[in-house]
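Engineer:
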Amino acid sequence: MEKIAIIPARSGSKGVPRKNIYFLGGHPLIAYTIAAAVLSSYIERVIVSTDSEEIAGIARDYGAEVPFLRPLEFARDHSSDREYLLHTMQWFQDSEGHVPEYWVHLRPTTPLREVGIVDQAILEIM
Numbered sequence: 002m003e004k005i006a007i008i009p010a011r012s013g014s015k016g017v018p019r020k021n022i023y024f025l026g027g028h029p030l031i032a033y034t035i036a037a038a039v040l041s042s043y044i045e046r047v048i049v050s051t052d053s054e055e056i057a058g059i060a061r062d063y064g065a066e067v068p069f070l071r072p073l074e075f076a077r078d079h080s081s082d083r084e085y086l087l088h089t090m091q092w093f094q095d096s097e098g099h100v101p102e103y104w105v106h107l108r109p110t111t112p113l114r115e116v117g118i119v120d121q122a123i124l125e126i127m
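Residues 2 to 127, numbered by this note's numbering, are exactly what the sequence shown covers, in order.
(1) Taking all protein chains shown into account, do 16 or more other C-beta atoms lie within 10 angstroms of the C-beta of V17, making it buried, or fewer, making it exposed?
(2) For a minimum of 3 consecutive residues, which ranges assigned as the beta strand (DSSP E) are wholly contained in the segment 22-55?
(3) Which value, in whole angstroms, describes the spacing of the CA atoms of R19 and V105?
(4) When you compare the CB positions of I129 and K4, do they come within less than 8 Å of one another, or not?
(5) For I7, which of F24, T34 and Y23 has the nearest alpha-carbon?
(6) Exposed or buried, I48, counting other C-beta atoms within 10 Å across all chains shown (16 or more means buried)?
(7) Looking only at DSSP bridge pairs, what is H1 linked to?
(8) Consult DSSP for E74 and reduce its assignment to one of helix, strand or coil.
(9) Considering only the alpha carbon of each residue, which of E97, M2, S96 and S50 lies closest to P109?
(10) Could you give the distance in angstroms between the alpha-carbon of A10 and the alpha-carbon of N21?
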């Protein structure tokens, strides 16, 4: 029963440009979410879904996998989580021959999330 974290990070924020890589406390905002996922006792892989090479590079630097760039059609202002999640599921099926059973959806805009909360949530659904 594979458990992955999926972190959405599109580049086109209108309210706060480049918000996912805006520096906060010496690190890009997305780094805190990646760290919470990497440090989880249960998450086996940390996947970032982004349409940006810059965000992808930063995500990899902090320990996440970015196995593809999200198509722009799923990275618009009004694109839904469902669209990018279905795209990611299809990528897993096509590229790895399976879809992980458990998905932990973590937004990069919650930098103060504690690892214990992530682990507790995973235990609740297992």
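All C-beta atoms, glycine included, are put in the ideal place defined by N, C-alpha and C.
Structural biologist: In terms of the structure at hand:
(1) exposed
(2) 46-50
(3) 23 Å
(4) The requested residue 129 does not occur in the structure, where the chain is confined to residues 2 to 127.
(5) T34
(6) buried
(7) Past the edges of the chain, shown from 2 to 127, lies residue 1, and the structure says nothing about it.
(8) helix
(9) S50
(10) 6 Å
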